[in-house]
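*Asks:* For the sequence shown, the numbering used here gives the first residue as 0, with consecutive numbering after it.
We treat Cβ as the ideally placed atom computed from N, Cα and C, and that holds for glycine.
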Amino acid sequence: MEKQFFKKYFLDYWFGFFAWIVLALLIFLLIPNALLVLLVIAIWSFMWVIPYADYVAKTAVESYIERIRKETYPTTKDLNEDTDLILELDNGMKIRKNYY
0 MEKQFFKKYF LDYWFGFFAW IVLALLIFLL IPNALLVLLV IAIWSFMWVI
50 PYADYVAKTA VESYIERIRK ETYPTTKDLN EDTDLILELD NGMKIRKNYY
């Protein structure tokens, strides 16, 4: 999930964002009345910012809902994973024992 997020959002988002900044600086240096052009570029930049913020918000809400669901209504799989951790089961096959 992390690699997919990095590839999809970080590279696309930040590369596009910095490309717009460089373009804005070039336009500002080359065109005398560049404020209007910079305003248009700033508005175009929101094409990256809004979907990214929407993705982050949805991900945060979904992870919060999933955590509350696990705490409130645990499934058999959740209970088995917790039991395995408590009993120190290794892949559900054997019990690790420490002999001293």
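To which residues of the same chain is Thr-74 closer than 8 Å at the C-beta, ignoring the five residues directly before and after it?
*Replies:* Here the question's residue 74 lines up with position 75 in the sequence shown. There are no such residues.
*Asks:* Beta-carbon within less than 8 Å of Leu-37's beta-carbon, same chain only, minus the 5 sequence neighbours each way: which residues are those?
*Replies:* For this step, residue 37 is matched to residue 38 along the sequence shown. The answer, listed in chain order, is Ala-23, Ile-26 and Phe-27.
*Asks:* Output needed for Ile-64: all residues of its chain with C-beta closer than 6 Å, excluding positions within five of it in sequence on either side, in chain order.
*Replies:* Here residue 64 refers to the residue found at position 65 of the sequence shown. Result list for Ile-64: empty, nothing under 6 Å.
*Asks:* Can you give the Cα-Cα distance for Ala-52 and Trp-43, rounded to whole angstroms?
*Replies:* On the sequence shown, position 53 is the one that residue 52 refers to. On the sequence shown, position 44 is the one that residue 43 refers to. Taking the straight line from one Cα to the other gives about 15 Å.
*Asks:* If you draw a straight line from the C-alpha of Val-115 to the C-alpha of Ala-56, how long is it?
*Replies:* This structure leaves residue 115 out entirely; the chain is present only between 0 and 99.
*Asks:* Could you have a look at Thr-74 and say whether DSSP puts it in helix, strand or coil?
*Replies:* Along the sequence shown, one-based indexing puts residue 74 at 75. Thr-74 falls in the coil class under three-state DSSP.
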